[in-house]
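Numbering (this note's numbering), first residue to last: 501 to 935.
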């Protein structure tokens with residue numbers, strides 16, 4: 501058995517994640533000591549509000565309201581950020597770094613907007629700065645990219661990174677129900693995310709892909725600058741049509757490395773039913789990676805919840821502890837920032853599925869396809885259907901188009917709308933390219 505070593509650490513924030521992590525830490529600290537020879541001790545908990553009732557089992561002397569009580573205490577070399585938000589967390593994290601406190605962050609909002617600044621600040625002060633708990637629950641993508649794939653050039657990386665969104669879409673698809681029905685599920689509140697504000701609008705995935713872009717490609721991009729669409733517009737009818745044509749609908753975060761720039765986007769995507777990503781069900785996450793040496797590689801794991809996030813925090817806690825014991829003066833450079841630009845969504849080239857509700861009369865499909873052809877858009881297949889909506893007969897034209905620039909497709913749809921043939925909103929989905 502290795503010689504026992506002691507590391508004291510602090511917890512920044514004591515909300516749902518902070519309390520949940522503390523509970524799991526108490527359950528696992530002896531197991532970690534036996535496995536690693538490292539005795540971890542929680543020394544301090546930073547909280548903001550004095551008048552909140554805390555769990556009785558947590559010793560009152562652990563709590564502090566002053567960040568300096570941690571940053572200035574040289575016996576506490578590690579702090580875990582579970583606060584959330586950007587400020588005052590950003591200032592607190594910088595204060596910790598100035599005090600030579602290594603940082604493990606589970607705060608995706610902070611990292612998705614301040615990753616470059618914190619990373620540079622940590623390097624300047626020779627401080628370890630670990631970010632993976634902020635990304636995707638139990639999905640250790642950063643460690644795989646930085647360690648297992650270190651010799652590989654990553655050509656593209658895409659996947660399901662929002663467990664709540666995936667649960668909602670998966671239920672709609674497999675049970676053939678509306679989103680409204682799924683949102684009544686008792687499981688939703690237990691997943692620890694705000695469906696209406698975060699996953700429903702796609703911000704959660706945008707934050708995660710911003711963090712992953714820094715890790716995998718060295719891209720410095722604020723999540724607010726990422727083209728992001730949530731699941732709000734996905735309907736039961738969309739799911740039915742997707743199934744009929746051999747697809748599933750997944751909310752995907754997509755990153756690709758092109759010669760002229762990086763492609764980064766988040767949106768509901770049609771995925772061929774035989775693709776491994778479609779086997780990601782419920783609140784699970786997955787990332788599909790394509791590299792020059794290894795080829796194709798998929799990582800799969802739980803996407804939401806305190807348990808998988810705590811697993812990564814504990815892993816990083818042991819990792820930093822080992823670094824402290826083995827080489828405490830070593831400076832680590834975390835990100836090799838890439839100067840290549842991020843392409844605007846207008847320049848992204850992909851294939852599309854378009855569904856146009858239209859008047860039911862001869863020649864309509866021909867008029868629509870003529871417009872597409874006149875704009876140099878290549879149609880791979882077209883299908884016509886007739887249906888009833890509130891007693892009225894409606895025609896549906898389903899069009900699959902080959903790779904085309906986003907700007908060209910959107911401008912062509914505007915021309916089709918101007919024909920006054922439509923009988924409702926035109927729906928479109930980008931299709932995942934698998935070759």
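Note that the Cβ used here is the ideal one computed from N, Cα and C, for glycine as well. In this text, all values refer to a predicted model and were calculated from it rather than measured experimentally.
Length of the line joining the Cα atoms of residue i and residue j
| i | j | result |
| --- | --- | --- |
| residue 478 | residue 763 | Outside the shown range of the chain (501 to 935) lies residue 478, about which nothing can therefore be said. |
| residue 856 | residue 596 | 55 Å |
| residue 698 | residue 808 | Unreliable positioning characterises residue 698 in this predicted model, as indicated by a pLDDT of 45, which lies under 50. The coordinate reading is nonetheless provided below. The alpha-carbon atoms of residue 698 and residue 808 are separated by roughly 19 Å. |
| residue 798 | residue 782 | 17 Å |
| residue 820 | residue 642 | 15 Å |
| residue 749 | residue 666 | 9 Å |
| residue 564 | residue 850 | 52 Å |
| residue 833 | residue 526 | Reliability fails at residue 833, whose pLDDT of 47 lies under 50, so the model's placement of it is uncertain and the value that follows must be treated cautiously. If I take the Cα positions, the gap works out to 32 Å. |
| residue 902 | residue 647 | 37 Å |
| residue 811 | residue 746 | 37 Å |
| residue 869 | residue 590 | 53 Å |
| residue 934 | residue 654 | 15 Å |
| residue 644 | residue 931 | 27 Å |
| residue 919 | residue 518 | 56 Å |
| residue 907 | residue 651 | 36 Å |
Counted within 10 angstroms of its Cβ, other Cβ atoms place residue i as buried (16 or more) or exposed
| i | result |
| --- | --- |
| residue 522 | buried |
| residue 607 | buried |
| residue 534 | exposed |
| residue 559 | exposed |
Residue i: first and last residue of the uninterrupted alpha helix (DSSP H) it sits in
| i | result |
| --- | --- |
| residue 621 | 608 to 624 |
| residue 528 | 516 to 536 |
| residue 568 | 568 to 571 |
| residue 860 | Careful: residue 860 lies outside any alpha helix (DSSP H) and carries neither H nor E. |
| residue 675 | 663 to 675 |
| residue 814 | 806 to 826 |
| residue 706 | 703 to 717 |
Start and end residues, beta strand (DSSP E) containing residue i
| i | result |
| --- | --- |
| residue 791 | 784 to 791 |
| residue 656 | 654 to 660 |
| residue 580 | 578 to 581 |
| residue 931 | 927 to 931 |
Top-ranked residue by Cα proximity to residue i, from the options
| i | options | result |
| --- | --- | --- |
| residue 929 | 524, 731, 915 | 731 |
| residue 921 | 845, 894, 709 | 894 |
| residue 541 | 777, 814, 726, 826 | 814 |
| residue 664 | 780, 874, 882, 622 | 780 |
| residue 585 | 600, 571, 569, 614 | 614 |
| residue 775 | 755, 796, 759 | 796 |
Collapsed DSSP secondary structure at residue i in the structure displayed
| i | result |
| --- | --- |
| residue 907 | helix |
| residue 745 | coil |
| residue 845 | helix |
| residue 683 | coil |
| residue 994 | Residue 994 falls outside the range modelled here, since the chain spans only 501 to 935, and no answer is possible. |
| residue 913 | helix |
| residue 769 | strand |
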